Amino acid sequence: MSKNRNPHHVPTVLVANRGEIAVRVFRTVKRLGLRSAAVYSEADAGAPFVRMADATYCIGPAPAAQSYLRVERILEAARALRADLVHPGFGFLSEDASFGRAVEAAGLAFVGPPPDVLAAMGGKDEAKRIAEAAGVPVLPGYGGADQDDAALERAAKEIGYPLIVKPAAGGGGKGMAVVRIEDDLLPALASARRVAAGAFGDTRLLLERYLAAPRHVEVQIMADAFGGVIHLGERDCSLQRRHQKILEETPSPAVDAALREQLTSAAVALARHVGYRNAGTCEFLVDDDGRTFGFIEMNARLQVEHPVTEMVTGLDLVELQLRVAMGEALPLTQQDVTPSGHAIEVRLYAEDPDAGFLPQSGRLLHLRWPDEARIDSGVDEGAEITTHYDPMLAKVIVHADDRPAALECLSVALAETEVLGLRTNLPFLRTLAADPTVAAGKVTTTWLESAYPGWTSGVDDAGVPPQAVALAGAAEAARILSRRRGPDPWAAAGPWRHLEPGPTHVIVQANVGEQLVDVRGTGPFRVGETTLAPADPSHEPDGDAHGWAVDGTRAAAVATPGLVHVFWDG
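Position 487 of the sequence shown, counted from 1, bears residue number 487 in my numbering, the numbering being contiguous throughout.
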């Protein structure tokens, strides 16, 4: 796969990123027999992606501005590690044209589009002008050079209300605001400029016709340097919270064959028009009539949700990226792309749905992934989750013959997932997977806020549920027995032997709140008035994790000295 004239040279792929996407790229790199190189911050020194790499280089302290956003340090690492290619992943510098230029100026292959194309498509305003020139439908809007309030007010009157204000250089929903009446425009402009200046260093704004209940549908494209351009079908990303995607699936339940042909043809036409190369995604909003659509932006990189496309096509998108970056032509034509079945992905975050989805930090005491699902993750058990980076822990991806079967697989996979040590959005994902509107495929980009305006887990915020206390006490009892008498407390101790001469004081943390309890062990173990028993007599302990049943509720608990975390079904 190498352009290097030495047939014995093994190309080195440096990933200028971290976490899950670095792990994802390295898996393909290793499968292809290439050499992997990781750059990492001091906070990531023990992370899985660093351990996976053949060569590593520390580029600075934990804050991204001092590490993963420092172009000169990344290029220094590339030279030191003898890299041939630089894969930017997603986020950080992945859509920074100046980074792409610096990589190429250093004599390295940038695994992405040409930097000039990256620059042209990086701004929403310029991307829309290019799309219009390519004959691609766009939503009515304004992104002109005149950015003073008067010009934007005039443009708003022409577009009509409601409209949406967007930072031209932004992404991820930052700074976006819906303006429904003229009196709200100027405050929205001022707010969007503040956010845009701080987040993107660019105060240019874009105005766009607001669709009240659209679908968010995107088309995956892949292009080489020889004029080859193909699409890999569409993905539906309509299930969002504040413009942040939560669930992605392919094919879209809202796209029929005629609309699919229009969307994919538009994406391929735009890629050809701009001279695109490598992986990219064209994003569209589809109106609730199911026929009207408009281009909104192009993500000139690999998307977070690319696994669902891989699941239905059987293709490795990272492999295609690397082959194109090494100068190869695409190894397949459009006729070779034959999607099969239905795939769904959800994003598991370290965030608290009961507190407005506030990002969480702490140590992952216990992780258990489902057996029948693809898990893309950059963390493992024992990892310290910090607020320096995106709080995504993993992507849970399922594939089945059809959409109902895929949703059932998703529900099972989420039920089997266990995360202890900090709060996550797992209960929320389980709720969504079982929601009738989701099952019917009727979700729009605005549905979530109206359907779940103040979602809570349903756990009493006043304290720890009694079952959780009992289960936690059981886990602590098992931990003590395991420590004193062998790996299996029940086999080693016999049926309900004396635990300790006095009570063990335990602080229980279970989803909400804390509670101090005493664990005593004469005869059957008791916590308060509850008698404890193992859920399965043949249960084999997994480290400090144990399965329990109390009052008909099954759960798992992880005990560390003086602290017990509980995960339960009830």
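Quick reminder that beta carbons are idealized off the backbone N, C-alpha and C, glycines included.
Keep in mind it's a predicted model, so treat the numbers as computed, not measured.
Would A168 pass as a contact of A177 if the rule is Cβ separation under 8 Å?
-> no
Whole-angstrom Cβ separation of A22 and A43, contact assumed at under 8 Å?
-> In this structure A22 does not touch A43 by the C-beta definition: roughly 14 Å separates them, more than the 8 Å allowed.
Run of the beta strand (DSSP E) containing Q220, from where it starts to where it stops | 215-223
Which residues in the same chain have their Cβ closer than 6 Å to the Cβ of E416, if we skip the five residues on either side of it in sequence?
-> P370
Residue ranges of each beta strand (DSSP E) within the region 176-242, 3 or longer | 177-179, 205-209, 215-223, 229-241
Residues that DSSP places opposite F110 in a beta bridge = V86
Span separating the alpha-carbon of V346 from that of E248 = 7 Å
Grab the span of the beta strand (DSSP E) containing P307 for me, first residue to last.
-> Careful: P307 lies outside any beta strand (DSSP E), inside the alpha helix (DSSP H) at 306-313.
Does any CB atom of chain D fall closer than 8 Å to the CB of V419?
-> This model lacks chain D altogether, as it is built from one protein chain only.
Assigned secondary structure, H8 (DSSP; H/G/I helix, E/B strand, else coil) = When DSSP states are grouped into helix, strand and coil, H8 belongs to the coil group.
The alpha helix (DSSP H) spanning Q321 covers which residue range?
-> DSSP places Q321 inside the alpha helix (DSSP H), whose first and last residues are 317-325.
From D288, R31, T313, pick the residue whose C-alpha is nearest to that of L211; which is it?
-> In terms of CA proximity to L211, D288 leads the group D288, R31, T313.
Which whole-angstrom value describes the C-beta separation of L595 and E234, a residue pair presumed to lie in contact below a C-beta threshold of 8 Å?
-> Outside the shown range of the chain (1 to 570) lies residue 595, about which nothing can therefore be said.
Would you say D380 and L367 are within 8 Å of each other, going by their C-beta atoms?
-> The beta carbons of D380 and L367 sit closer together than 8 Å.
Limits of the alpha helix (DSSP H) - the one that F99 falls within = F99 -> alpha helix (DSSP H) spans 97-105.
Assigned exposure category for A440 - 16 Cβ within 10 Å defines buried | exposed
Which value, in whole angstroms, describes the spacing of the CA atoms of V15 and A225?
-> 22 Å
Specify the secondary structure class of H342 as computed by DSSP and reduced to three states.
-> The answer is strand: DSSP assigns H342 an E or B state.
How big is the Cα-Cα spacing for P11 and V396?
-> 31 Å
Going by CA-CA distance only, name the one from R272, N299, E218, I230 that's closest to L259.
-> E218
Which partner residues does P167 have in the DSSP bridge list?
-> BP columns for P167 point to L205.
Just the Cα atoms here: how many angstroms apart are Q240 and F90?
-> 19 Å
Kindly confirm or deny that the region 115-129 and the region 274-281 touch, where touching means at least three C-beta pairs closer than 8 Å.
-> yes
Tell me E60's beta-bridge partners as DSSP assigns them.
-> The residue asked about is misnamed: residue 60 is Gly in this sequence, not Glu. BP columns for G60 point to S41.
C-alpha distance - G175 paired with Y68, whole-angstrom precision = 23 Å
On the DSSP bridge assignment, give the partners of C409 in chain order.
-> Paired residues: none, contrary to the question.
Does DSSP classify A80 as helix, strand or coil?
-> A80 sits in a helix when the DSSP states are folded into three classes.
Put D336 into one of helix, strand or coil per three-state DSSP.
-> helix
Which residues in the same chain have their Cβ closer than 7 Å to the Cβ of L317, if we skip the five residues on either side of it in sequence?
-> Within the same chain, and ignoring the five residues on either side of L317 in sequence, the residues whose Cβ sits closer than 7 Å to its Cβ are A279, L302, H306, T309, E310.
Return helix, strand or coil for G19, following the three-state DSSP convention.
-> helix
Residue span of the beta strand (DSSP E) that contains T281, given as start and end | 278-286
How many angstroms separate the CA atom of C409 from the CA atom of R18?
-> 29 Å
Just mark L358 as buried or exposed, buried being the case when its beta carbon has 16 or more other beta carbons within 10 Å.
-> exposed
Okay, do the region 146-155 and the region 121-131 touch, 3+ Cβ pairs below 8 Å being the bar?
-> Under the 8 Å Cβ criterion, the region 146-155 does not count as touching the region 121-131, having fewer than three qualifying pairs.
Which listed residue (F49, A266, G290) has its alpha carbon closest to that of E253 | Looking at the sequence provided, one finds Pro at residue 253 rather than Glu. Considering only alpha carbons, the answer is G290.
Relative to the C-alpha of G314, which residue among A190, V304, L332, L207 is closest?
-> L332
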